[in-house]
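Report on the structure given below.
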Amino acid sequence: MANTILVGAQWGDEGKGKIIDVLTEEADVVVRTQGGNNAGHTVHIKGQKYVLHLVPSGILRKKKRCVISNGVVVDPVSLVGEIEGLRKLGVPVDGNLFLSETAHLVLPYHRELDAQRESLKGKNKIGTTKRGIGPAYGDKAARTGLRVLDLINPERFRRQLETKIKENNEILKAFGAKPLSFKKVHDEYRAAGDYLKSFVANTVVLLHEAVRRGDDILFEGAQGTFLDIDHGTYPFVTSSNTTAGGACTGSGVPPHRMDWVVGVMKAYTTRVGEGPLPTENAEIADMLHAMGREFGATTGRARRCGWFDAVATRHACMVNGIDELAVTNIDGLDTLQTIKVCIAYRDGSKQYDYIPNDIEVLGRCQPVYAEFPGWDVPTHNVKKWKQLPSRTRAYLKAIAELTGAELAIASVGPGREQTIFV
Ligand code: IMP
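Numbering that gives the first Met the number 0 puts the sequence shown at residues 0 to 421.
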């Protein structure tokens with residue numbers, strides 16, 4: 000399968016976890032390169048549901064090496080919980096899971112600051128997952144963060160944590176929030192450090208050895224293109240580069256070693272948190288929620304839903320260099336008579352075929368729709384492209400064409416077997 004970067008082509012929750020799981024069959028190494036436990040990748044295998052937040056979903060297949068690389072921000076206590084959960088389910092982790100020495104840590108003051116900043120913003124809040132992601136990346140950029148290397152060095156961790164807790168308690172006090180106990184945080188995180196020590200590695204060297212051996216590496220993206228700190232709907236974004244370039248900086252594997260980019264998108268659009276969503280539509284949201292679909296894997300929040308936005312996915316194709324598309328959740332549209340697709344935005348007399356950068360302009364944009372006939376039959380048992388209703392195939396071909404990449408995978412349900420290779 001060569002070295003493949005997999006990205007979300009919308010606002011996250013595109014069903015990446017399942018597509019990663021499917022593609023992992025062909026991979027030797029699976030790498031998570033950005034984000035933190037704000038992500039929630041759901042994988043269903045033989046009736047068992049697995050939700051992964053930090054550990055690459057490759058862990059669910061035998062003999063795959065899984066790497067949490069330098070670009071990720073890691074809450075050590077949360078990672079311990081996730082590893083413990085996997086061990087309880089009988090998933091092997093020893094000798095096949097590696098944690099970068101230089102990944103930055105998410106600590107309790109990051110979570111507190113995330114919550115305080117959000118509540119101060121009131122109705123202008125971002126709608127973060129409150130996992131401390133923004134403040135942790137903030138410390139990284141300010142060069143005041145603690146890294147995995149520090150966590151497993153008891154003396155250094157104590158010293159650095161003391162300074163950070165002192166500084167952050169002053170800030171928390173100014174917010175009117177409760178200060179943190181150094182001892183409590185120290186003891187809990189040091190214990191996590193001891194637990195994680197055997198997983199810690201120089202993952203840049205490890206990945207370059209894999210490249211030299213000719214291993215196939217899958218770089219799994221978290222969140223989606225429009226949550227990217229540079230290319231997303233700023234400030235309603237996450238704090239990392241969720242687009243393809245993030246896989247290089249977040250792993251230390253250079254661009255010319257990457258062979259292929261796969262973009263994952265739903266057959267419609269969803270978003271959690273605040274910020275513009277041009278095709279948002281109450282009717283489709285009510286329909287999907289009534290089907291029990293579109294509730295967040297990390298926070299349980301009901302996702303906002305809308306029609307497929309080809310302006311957005313075309314933009315995603317451009318900034319990520321997407322070669323192939325995987326379209327998921329096709330079965331979510333099974334009961335509709337008519338399906339709409341946004342082909343342009345209109346703001347007054349101005350028409351856009353790309354996403355305007357000014358968030359106020361984007362907020363005003365009205366979608367221009369094309370309509371497609373629905374297929375109105377269940378698709379979740381379909382195994383082959385030719386067996387899909389002709390209207391489903393026509394719809395998928397049209398959205399791929401509008402997006403500008405090859406359609407490679409059509410997914411009609413959460414299971415591995417509900418995957419159609421086109
Ligand atoms: P943060 O990443 O927790 O700071 O949240 C920033 C924005 O990204 C919010 O709108 C979140 O809802 C969104 N977000 C973060 N992680 C995910 C994800 O895995 N899926 C979808 N949205 C996410």
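Idealized CB from N, CA, C, for every residue including glycine.
Please read all numbers here as calculations on a predicted model, not as lab measurements.
- Around T297, the same chain offers G39 and T128 as residues with beta carbons nearer than 6 angstroms, after the five sequence neighbours per side are excluded.
- Taking one beta carbon from each stretch, the region 133-152 and the region 86-102 have 3 or more pairs nearer than 8 angstroms; the two touch.
- Rounded to the nearest whole angstrom, the CA to CA distance from D346 to V360 is 7 angstroms.
- Short of 6 angstroms from the beta carbon of G57, and not among the five residues preceding or following it, lie these beta carbons of its own chain, in chain order: T23, V29, K63 and C65.
- Here the alpha carbons of K120 and G175 stand approximately 15 angstroms from one another.
- Note that the C-beta distance between Q336 and A343 is not below 8 angstroms.
- Across the structure, I354 and F420 are spaced so that their CA atoms are roughly 30 angstroms apart.
- The beta carbon of G262 lies closer than 7 angstroms to those of V6, A8, A315, C316, N319, I321, L324 and A404 in the same chain, with the five residues before and after it left out.
- In this structure, V73 sits away from Q33, with a CB-CB distance that is not shorter than 8 angstroms.
- The three-state secondary structure of C364, taken from DSSP, is coil.
- In the three-state DSSP reduction, S410 falls in the strand class (E or B).
- Within the DSSP secondary-structure output, S56 pairs in no beta bridge.
- In its chain, beyond the 5 residues on either side, P107 have a beta carbon closer than 6 angstroms to the beta carbon of V184.
- For S118, no beta strand (DSSP E) encloses it; the enclosing alpha helix (DSSP H) starts and ends at P107 to K120.
- In terms of side-chain proximity, the C-beta atom of V271 is found nearer than 7 angstroms to a non-hydrogen atom of the ligand IMP.
- Classified as exposed, R211 has fewer than 16 neighbouring CB atoms from the shown chains inside 10 Å of its CB.
- I151: not part of any beta strand (DSSP E); DSSP gives it neither H nor E.
- Judged by the Cβ position, N69 fails to qualify as a neighbour of the ligand IMP at the 7 angstroms threshold, every heavy atom of the ligand being at least this far.
- Cβ-Cβ distances below 7 angstroms link D352 to V310 and A343 in the same chain, with the five nearest sequence neighbours on each side left out; the list follows chain order.
- One alpha carbon belongs to D138, the other to H52, and they sit about 21 angstroms apart.
- Per DSSP, R189 is one residue of the alpha helix (DSSP H) stretching across F181 to L195.
- G192 sits buried, since 16 or more C-beta atoms from the chains shown fall within 10 Å of its C-beta.
- Under the three-state reduction of DSSP output, D20 falls in the helix class.
- When DSSP states are grouped into helix, strand and coil, A296 belongs to the coil group.
- Under the 8 angstroms Cβ criterion, the region 217-226 counts as touching the region 10-17, having at least three qualifying pairs.
- Taken through DSSP and simplified to helix, strand or coil, K165 comes out as helix.
- For Q115, the distance from the CB to the nearest heavy atom of the ligand IMP is not below 7 angstroms.
- Relative to the ligand IMP, the beta carbon of Q222 is positioned inside 7 angstroms of a heavy atom.
- According to DSSP, V261 shares a beta bridge with L5 and E323.
- Ranked by Cα distance from R130, the first of T3, N168 and H109 is H109.
- With respect to the C-alpha of R31, the residue from F97, E83, V271 and K61 having the closest C-alpha is F97.
- In the structure shown, S77 adopts helical secondary structure according to DSSP, grouped into three states.
- Boundaries of the beta strand (DSSP E) harbouring G305: R303 to G305, taken from the DSSP string.
- Using a cutoff of 7 angstroms, the CB of D12 counts as near the ligand IMP, since one of the ligand's heavy atoms is closer than that.
- Boundaries of the alpha helix (DSSP H) harbouring R211: T202 to R212, taken from the DSSP string.
- Nearest in C-alpha terms to I338, of all of L179, T241, S410 and W306, is W306.
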